[in-house]
Amino acid sequence: MLVWTKPGKALTWTAFALVFGVLVLAPFIVVIAAAFAGTWNGVLPSNPTVGHLQEALSGDELASLSVSLQTAFLGGLLAVVVGTWGALAAHGAPGPVARVADALHHLPIAVPSVVVGLGLLVAFSRQPILLNGTKWIVVIAHLVLMVAFSYGTVAAALQRVDPSYADVAASLGASPARVLWQVRLPMLRPAIASAAGLSVALSMGEVGATIMVYPASWRTVPVSIFALSDRGQTFTAAAEALVLLTATVLVVFTLDRLRGRAVEQ
Amino acid sequence: MLVWTKPGKALTWTAFALVFGVLVLAPFIVVIAAAFAGTWNGVLPSNPTVGHLQEALSGDELASLSVSLQTAFLGGLLAVVVGTWGALAAHGAPGPVARVADALHHLPIAVPSVVVGLGLLVAFSRQPILLNGTKWIVVIAHLVLMVAFSYGTVAAALQRVDPSYADVAASLGASPARVLWQVRLPMLRPAIASAAGLSVALSMGEVGATIMVYPASWRTVPVSIFALSDRGQTFTAAAEALVLLTATVLVVFTLDRLRGRAVEQ
Amino acid sequence: MTVQLDDVSVHFGRTLALEGLSLTVAAGETVALLGPSGSGKSTALKAVAGFVRPSSGRIRLAGQDVTDLPPAKRGIGVVVQQYALFPHLRVSDNVAFGLRAARTPKGEVTRRVAEMLEMVGMTSFAKRFPRELSGGQQQRVAIARALAIQPKVLLLDEPLAALDAQLRADMLGELQKLRREVPDVAIVYVTHDQSEALALADRIAVMRDARLVDIAPAAQLYATPPSAFTASFLGGANLLPVETFGDGVKVAGHVLPGVRATPGKELLCIRPHAIRLGDAGVPVRVIATQWRGSSNQLTCTVDGLPEVSVRIDLPADLQVPALGAQVSMVLPAEACSLVPAERR
Amino acid sequence: MTVQLDDVSVHFGRTLALEGLSLTVAAGETVALLGPSGSGKSTALKAVAGFVRPSSGRIRLAGQDVTDLPPAKRGIGVVVQQYALFPHLRVSDNVAFGLRAARTPKGEVTRRVAEMLEMVGMTSFAKRFPRELSGGQQQRVAIARALAIQPKVLLLDEPLAALDAQLRADMLGELQKLRREVPDVAIVYVTHDQSEALALADRIAVMRDARLVDIAPAAQLYATPPSAFTASFLGGANLLPVETFGDGVKVAGHVLPGVRATPGKELLCIRPHAIRLGDAGVPVRVIATQWRGSSNQLTCTVDGLPEVSVRIDLPADLQVPALGAQVSMVLPAEACSLVPAERR
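Chains as they are written, first to last, in the working numbering: chain D, 1 to 265; chain Z, 266 to 530; chain Y, 531 to 874; chain B, 875 to 1218.
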């Protein structure tokens, strides 16, 4: 919509900046400020310090970061593989089967993460599969939650790819495997990279299922932040949050570069 | 990809059904089974009972459901309004501004919900705005988290709408307000309905931010489930989870009907 | 190698996309499948290529039944409408794709790719990506890729539809040249554009509503169309109801000398450019004129036939009658043919 | 009401989409903006409608400067390429949209909508939704909607581009009729199709690379094109380099009797249908023939002009020379004009 008058434009933009500044930017600015705050009694924090950040990068808290990264890469990337495969399988399926597969995959979006966590807790707390207390129950929880997102991203991209490409490749004598590896997957690369970024980012921040199932030996950063905040160590929690933010942005940025390169190539 | 042989097809589908059955369906089946289990010592539960469900629908737990629904509708629907407005405002913006707005909105996806919760906790625990301990801090947390999703959904739909519609409407003498209400918003109705469904569903299941900021008087269902499970009341937690699942599906289904009707009209 | 379709039907869900098509294309022959969108012509091509499975009927290549073979086992070259060049592969790798799939030795691949690119005049573009090519160049690469595997059958699905008018005319010439380069290949050419079919095809199969309407050599189909649909779809003929009297026929009460009545054929078919204005013809009234550069097209109503309007193409050097003028159209007997009325 | 563009330029970011266009369209006049895609013709239309803002220059309607007015204040009827019928409104509500925006009394809206639908022959479709209409019907509704507000200027952006060939010919006739229904309206008609421009426009503005190349009455532009680009884009003329000797000109060494040399004009322009085969003409060799139903098109090389190929349209009743045959082309002086060579 073209706003034709200058004051009209200025007004729209001021309102926009205010609302989004308050809603979206404010929490992050506050967290960053708190991370470096020695004390915060008035409107603004005072006595800046890097002490909280040092705490957040040592001992248990540093271990949490390593746990979070391992979980995100293991769970998130496994989810991309499973989600991509699911999307490819469901794509060729006849109408009704495809619709069921589609509904199945979207279930986790309507389903709260605590329910997934609870389900895994109940299922894996007894024989034949006893995983409760191990890191694998956390990884599986992340895998289950992220599969839906990966599937959705790849399935949407598949919808946009003209089936002619695979048809033509087959007509040129390529086996189904060759068509898959040399035509279909390369053409989905941007979507797969995007699914990987999304999965890893969401996994880095996951709380609901993790908090239900994590063993003491495998505590992710978001859970640490919750624990610190719960104990009243707000500033250390903020420093830890800053570490998490930085790590997430770096990981997503790196994965996004892969995608960018795939497009350019 | 056409799989030309019958055994090939059968194999693909069996593998598909197995993996997705285990990964996606199993947690839900387990939760449902646990909700009705009197005891569960062997592989299968025994002594079926509706006692847990009765507990889940009375007293504090019933209050939680009401809290969750109010939060989801207040926070989720507010998020749709703000997100839609943001998408509309950013759409007409010149290149660089639009890119900044876009990045701004997507920030919350890369940003863990615990960080948002922590930010709100720090920001609203002191003057000038003291909201800690009230339900409003929970509603605002949900609003902040869901705005990103609403914005994304509506912005994607806006990209697909040919700007000619608004142009032609203006050329017919319609004021910008008339163009907005009679042409642009009606054409976005499916996307807005979809954003509403997504926001409410995600809000119903939100844990990360809620657990950081909720006051005792405003405990959502997912937090209750966590608390019950933490106290070892697994079966009651499962029953509560079943209630949450049912409520979420009903709400999403109802919102989806609105969208369906908008498309048909 | 001949392509043979034997009563082939294709369903998409409950939709019948192709109904009982029987058709033979000989080695070295070009058959155009011509029809409006939704006429089943692309579906027929996809059935031959193996991209869709017929719900009934058989498809044979050189006598061998291939109905149950996947596309990879058929050895058919296919060029689809949007070309479907693999976007992540360079031009040379696109052309080499089929050869590599067949595990052709490396030196042979290089040689053959060079030869193909030479043939379509794209040698200097070998290292480009498809997105760096124009529409016409993409089309050439798609053809080179299809021919690299030395198919005995080449299927072309609207290869010119994605190009603009000027380029389309040029590429039509290129396709004619290409035809001469692969004299033994059977070509099936799907198009909705009659001028492509006329310029390229030995025989034209006119399709409509998932069915074959008529098939015949192009010149014969144009000169004496067997049906009203073919008459108007191929060359936009005028169709005028006739009355018979003994051996002769009348249009709007006017005798047409030299045209003989045929039982069951109640429509006179004549091309717009074959009609002349003159004396002692059928009186018509001009209701619209359109200047088209090389000609003027008149649209006229025929006195006594209120339902019919006639199109007449006049050479540009003749004077155009005024709007509303009453003129007399002469229908030369050698340009007239009779077709049955449509029964729907 | 006249439309006046005064040195109008439009930038999209750093891209120059329209460069210094000056153009006047009188009340009752139809001007076609003709050019290939990317020539700036649609941008010019959007600038007049107010959908884009010129980076420089002024636009006037009936003398009043409207450059800074939003589209809603201009009172111009616009029909866009895909019609942009509001999908959530019925046909009658689409047509009524502009009237309601102007707070027209209810009875008047009803009356005027009925009148408009009557004019475009869509009365019985009033209660349908746009998706229930065919392309041609959608186009009629779009026109009815644009004309309902009784604009003095009507802008049409490729209104036939979304239709298939047969329908396009029919709708061209409809547009001619419509033209007569609104005799006082100034019409700007954007198209890439020369036949639409020839059939509808009083004057044709040929555009290329964001600039106006030539503007003149259609017949004049066709008969004596001022530039090589116009000659070939409008009617696909052949362009042959000429040598002058005194007053006369030669093509490939052969004198063209009756054609006078003009300084600075080094190309002979002649339409494919104006060339005849005969004796004592310029010798050419046939390298391709295309049968087009009503004519045969020859592509020939000219002996002594290796860079040039000539297209010749022969009437269908003449015999077609064989491929490779040497024939002699006669260029009638009355069909020849000279244009300057392109300097790029």
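Backbone N, C-alpha and C fix where the C-beta goes; we use that ideal spot for every residue, glycine too.
Sequence-distant residues of the same chain with beta carbon closer than 7 Å to residue i, five excluded per side
{"i": "Leu267 (chain Z)", "result": "In this prediction, Leu267 (chain Z) has a pLDDT of 44, which is less than 50 and means its spatial position is unreliable; nothing more can be read from the coordinates."}
{"i": "Ser1169 (chain B)", "result": "Asp1187, Leu1188, Pro1189, Ala1190"}
{"i": "Ala141 (chain D)", "result": "Val116, Gly117, Leu120, Ala209, Thr210, Val213"}
{"i": "Val448 (chain Z)", "result": "Tyr430, Ala431, Ala434"}
{"i": "Val528 (chain Z)", "result": "Reliability fails at Val528 (chain Z), whose pLDDT of 47 lies under 50, so the model's placement of it is uncertain and the value that follows must be treated cautiously. Taken in chain order, the residues that qualify are Pro455."}
{"i": "Met411 (chain Z)", "result": "Gly340, Gly341, Ala344, Ser464, Leu467, Ser468"}
{"i": "Glu320 (chain Z)", "result": "Glu326, Thr501, Ala504"}
{"i": "Ala804 (chain Y)", "result": "Pro862, Ala865"}
{"i": "Ala1105 (chain B)", "result": "Pro1099, Ala1111, Leu1113, Cys1143, Val1213"}
For residue j and residue i, believed in contact at Cβ under 8 Å, the rounded distance
{"i": "Arg590 (chain Y)", "j": "Asp536 (chain Y)", "result": "7 Å"}
{"i": "Val905 (chain B)", "j": "Leu895 (chain B)", "result": "Contact flag wrong, Cβ pair sits at about 12 Å."}
{"i": "Thr336 (chain Z)", "j": "Val380 (chain Z)", "result": "19 Å between Cβ atoms; not a contact."}
{"i": "Ser725 (chain Y)", "j": "Arg1134 (chain B)", "result": "Incorrect: roughly 37 Å between the Cβ atoms, too far for contact."}
{"i": "Leu730 (chain Y)", "j": "Arg709 (chain Y)", "result": "7 Å"}
{"i": "Phe293 (chain Z)", "j": "Val315 (chain Z)", "result": "Phe293 (chain Z) to Val315 (chain Z), Cβ: 19 Å. No contact."}
{"i": "Pro1025 (chain B)", "j": "Val1059 (chain B)", "result": "7 Å"}
{"i": "Leu507 (chain Z)", "j": "Val296 (chain Z)", "result": "7 Å"}
{"i": "Val1201 (chain B)", "j": "Val1158 (chain B)", "result": "6 Å"}
Cutoff 8 Å; reference residue i; Cβ partners in own chain excluding five residues on either side
{"i": "Trp269 (chain Z)", "result": "In this prediction, Trp269 (chain Z) scores a pLDDT of 47, lower than 50, which makes its location untrustworthy; the coordinate-derived value is nonetheless stated afterwards. Counting only Cβ-Cβ distances below 8 Å, and skipping sequence neighbours, we find nothing."}
{"i": "Pro771 (chain Y)", "result": "Val781, Glu796, Leu797, Leu798, Leu835, Val838, Ala871"}
{"i": "Gln265 (chain D)", "result": "Low per-residue confidence applies at Gln265 (chain D): pLDDT is 40, beneath 50, and the placement is therefore not dependable, though the value from the model is reported in the following sentence. For Gln265 (chain D), where only same-chain residues beyond five positions count, there are no Cβ hits under 8 Å."}
Beta-ladder partner(s) of residue i, from DSSP
{"i": "Ser1183 (chain B)", "result": "B:Thr1175"}
{"i": "Tyr957 (chain B)", "result": "DSSP, once it has assigned bridges, lists no residue as partnering Tyr957 (chain B)."}
{"i": "Ala716 (chain Y)", "result": "Y:Val683"}
{"i": "Glu1117 (chain B)", "result": "B:Lys1124"}
{"i": "Met737 (chain Y)", "result": "Y:Leu742"}
{"i": "Ser858 (chain Y)", "result": "Y:Pro813"}
{"i": "Cys1143 (chain B)", "result": "B:Leu1113, B:Ser1211"}
{"i": "Pro500 (chain Y)", "result": "One cannot answer for residue 500 (chain Y) here, as it falls past the ends of chain Y, which runs 531 to 874."}
{"i": "Val144 (chain D)", "result": "DSSP lists no partner for Val144 (chain D)."}
{"i": "Ser586 (chain Y)", "result": "Y:Ser539"}
{"i": "Gln938 (chain B)", "result": "B:Leu935"}
{"i": "Arg391 (chain Z)", "result": "Z:Ile394"}
{"i": "Ala906 (chain B)", "result": "B:Tyr1063, B:Ile1078"}
{"i": "Pro747 (chain Y)", "result": "Y:Arg733"}
Beta-carbon contacts of residue i that lie in its chain and below 6 Å, excluding the five residues immediately before and after
{"i": "His784 (chain Y)", "result": "Val812"}
{"i": "Pro961 (chain B)", "result": "Pro1004"}
{"i": "Thr792 (chain Y)", "result": "Leu868"}
{"i": "Glu549 (chain Y)", "result": "Ser539, Ala740, Arg741"}
{"i": "Thr545 (chain Y)", "result": "none"}
{"i": "Ser930 (chain B)", "result": "Ser883"}
{"i": "Ala157 (chain D)", "result": "Leu188, Ala191"}
{"i": "Val987 (chain B)", "result": "Ser966, Val969, Ala970"}
Inset, instruction - Evaluate the contact criterion for the region 169-183 of chain D versus the region 201-216 of chain D: three or more CB pairs, one atom per stretch, below 8 Å. - result: The region 169-183 of chain D is not in contact with the region 201-216 of chain D.
Legend entry - Touch test, the region 193-201 of chain D against the region 141-157 of chain D, Cβ-Cβ under 8 Å, three pairs minimum: yes
Inset, instruction - Take every Cβ of the region 178-193 of chain D, pair it with every Cβ of the region 157-169 of chain D, and state whether three or more of those distances are shorter than 8 Å. - result: yes
Legend entry - Residue ranges of each beta strand (DSSP E) within the region 205-230 of chain D, 3 or longer: List check, beta strand (DSSP E) in window: nothing returned.
Inset, instruction - Report yes or no: do the region 734-741 of chain Y and the region 564-571 of chain Y share at least 3 C-beta pairs separated by less than 8 Å? - result: yes
Inset, instruction - Could you tell me whether the region 694-703 of chain Y touches the region 656-663 of chain Y, where touching means 3 or more Cβ pairs closer than 8 Å? - result: no
Inset, instruction - Could you say if the region 212-232 of chain D and the region 56-66 of chain D meet the contact criterion of at least three C-beta pairs nearer than 8 Å? - result: Touching, yes.
Legend entry - Touch test, the region 1010-1022 of chain B against the region 979-995 of chain B, Cβ-Cβ under 8 Å, three pairs minimum: yes
Inset, instruction - Any chance you could list the alpha helix (DSSP H) runs of at least 4 consecutive residues sitting entirely within the region 596-683 of chain Y, in chain order? - result: 621-631, 636-649, 665-678
Inset, instruction - Run through the region 405-472 of chain Z for me and flag every whole alpha helix (DSSP H) of 4 or more residues, listed as ranges in chain order. - result: Complete alpha helix (DSSP H) runs here, min 4: 429-436, 441-444, 450-470.
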